[in-house]
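The sequence shown begins at 1 in this note's numbering and counts up by one.
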Amino acid sequence: MLIKTTYFYSPPENFSRGKVFLDVEESHHLADVLRAISGDEFFVANGIGQLFRCKLEKIHSKGAVAEIIEEVESVNQPSIDLTLAIGILQSKNIETALDWSVQIGISAFAPIYMKYSQKKLGNEKKFIDRLEKISLRAMKQSKRAFLPMIYNPIDFGDFLKNFGKNFDGIIYADPDGVPSVPKRMTIDGARICIIVGPEGGLSNIEKGELSEFDAVPLSLGNARLRAETAAVVAITKILIAAGNI
């Protein structure tokens, strides 16, 4: 039997000599939920863009082992590398933003402390662990093979200082921004950062900091959008401009 409805995940280091090892959580879903048995085939993504058709060999207390049959074509990542940097929101809202964005095809996700964002997180490790689980679930649900990197929560100024120069372009959502994405930010291989403020938007000081990086304000239309919706609209607008949708 070939299981087509669900993709599984195993990191690159778990692939070796024509075999792949699945951890306890993945093997539990395989055996106890889908009732897979030896000889059943399924798809495993390695999180760096590769997808493999595999055949189950055995399941034991520490996980499962499968034979790699072949590498197969997966849902393509966008031709541009997209990082979504978003002001920290209430838990359910930022989780929604991440879920939807991973399904569309971002490469990285950065939760940012901004002037109008939620107060400082009490337990950042727990927060990141939760986001990583959501990212993995969204990758598998959308049948992608690339698992986005999750940044640790960071202050807005520090994010720009430490990572701003790494991008070929920065775009931020702004009601008074330009209506279309600049062509230079749609070139294949371009590394683009999309910044979306929290419910209160970006402060004037934050916009001033962005101007030092030649960031482009992008209008998302006349409607007042929730932050998680604005993130999806911004990403989609850029991917359409790049010919990816």
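By construction, the Cβ of each residue, glycine as well, lies at the ideal position given by its N, Cα and C atoms.
For the stretch 175-188 against the stretch 235-243, are there 3 or more C-beta pairs whose distance is under 8 angstroms?
Contact holds: three or more Cβ-Cβ distances are below 8 angstroms.
Is it true that the CB of Ala64 sits closer than 8 angstroms to the CB of Leu89?
Stepping through the sequence shown from its first residue, residue 89 is reached at position 89. Stepping through the sequence shown from its first residue, residue 64 is reached at position 64. One thing to note: Leu89 has its Cβ no nearer than 8 angstroms to the Cβ of Ala64.
Among Tyr7, Lys62, Arg137 and Ala85, the one whose alpha carbon lies nearest that of Leu202:
Residue numbering aside, residue 202 sits at position 202 when the sequence shown is read from its first letter. The option with the nearest alpha carbon to Leu202 is Ala85.
Tell me the residue span of the alpha helix (DSSP H) that contains Leu147.
Against the sequence shown, residue 147 aligns to sequence position 147. From DSSP, Leu147 is part of no alpha helix (DSSP H); its letter is neither H nor E.
Count the other CB atoms, across all protein chains shown, that sit within 10 Å of the CB of Glu57; report buried if there are 16 or more and exposed otherwise.
Along the sequence shown, one-based indexing puts residue 57 at 57. Here Glu57 is exposed, its C-beta having fewer than 16 other C-beta atoms within 10 Å.
Which complete alpha helix (DSSP H) runs does the stretch 58-129 hold, if anything under 4 residues is left out?
Complete alpha helix (DSSP H) runs here, min 4: 91-104.
Taking the alpha-carbon positions, what's the Asn244 to Ser79 distance?
One-based indexing of the sequence shown puts residue 244 at position 244. One-based indexing of the sequence shown puts residue 79 at position 79. Asn244 and Ser79 have their C-alpha atoms some 7 angstroms from each other.
How far does the alpha helix (DSSP H) with Ile192 in it reach, from first residue to last?
Here residue 192 is taken as the residue at index 192 of the sequence shown, counted from 1. That residue, Ile192, is in no alpha helix (DSSP H); its beta strand (DSSP E) goes Arg191 to Val196.
Around the C-beta of Arg144, are 16 or more other C-beta atoms found within 10 angstroms, so that it is buried, or is it exposed?
In the sequence shown, counting from the first residue as 1, residue 144 sits at position 144. Its Cβ being crowded by 16 or more others within 10 Å, Arg144 is buried.
For Ala36, which residues from the same chain have a beta carbon less than 6 angstroms from its beta carbon, with the 5 sequence-adjacent residues on both sides left out?
Reading the sequence shown from its first residue, position 36 is the one you call residue 36. Excluding residues within five positions, the ones whose Cβ falls inside 6 angstroms are Leu30 and Leu56.
Bounding residues of the beta strand (DSSP E) (the contiguous stretch that carries Phe8):
In the sequence shown, counting from the first residue as 1, residue 8 sits at position 8. DSSP places Phe8 inside the beta strand (DSSP E), whose first and last residues are Leu2 to Tyr9.
How close, in whole Å, do the beta carbons of Asp168 and Ala138 come, if the pair is a contact with beta carbons under 8 angstroms?
Reading the sequence shown from its first residue, position 168 is the one you call residue 168. Reading the sequence shown from its first residue, position 138 is the one you call residue 138. Not a contact, Cβ separation roughly 25 angstroms.
Contact under 8 angstroms by Cβ, Leu131 with Ile150:
Reading the sequence shown from its first residue, position 131 is the one you call residue 131. Reading the sequence shown from its first residue, position 150 is the one you call residue 150. Yes.
Tell me whether Ala234 sits in a helix, a strand or coil according to DSSP, three-state version.
Walking along the sequence shown from the start, residue 234 turns up at place 234. DSSP places Ala234 in helix when its eight states are reduced to three.
Per DSSP, what kind of secondary structure is Pro182 in: helix, strand or coil?
Working through the sequence shown from its first residue, we reach residue 182 at position 182. Note: Pro182 maps to coil in three-state DSSP.
Which residues mark the beginning and the end of the beta strand (DSSP E) in which Leu225 is found?
On the sequence shown, position 225 is the one that residue 225 refers to. Unbroken run through Leu225: none, as it is neither H nor E.
Taking 8 angstroms as the threshold (C-beta atoms), are Leu210 and Ala234 in contact?
Walking along the sequence shown from the start, residue 234 turns up at place 234. Walking along the sequence shown from the start, residue 210 turns up at place 210. Not a contact, by the Cβ cut-off of 8 angstroms.
Classify Glu132 as helix, strand or coil using the three-state DSSP reduction.
By 1-based counting over the sequence shown, the position of residue 132 is 132. Residue state, collapsed to three classes: helix.
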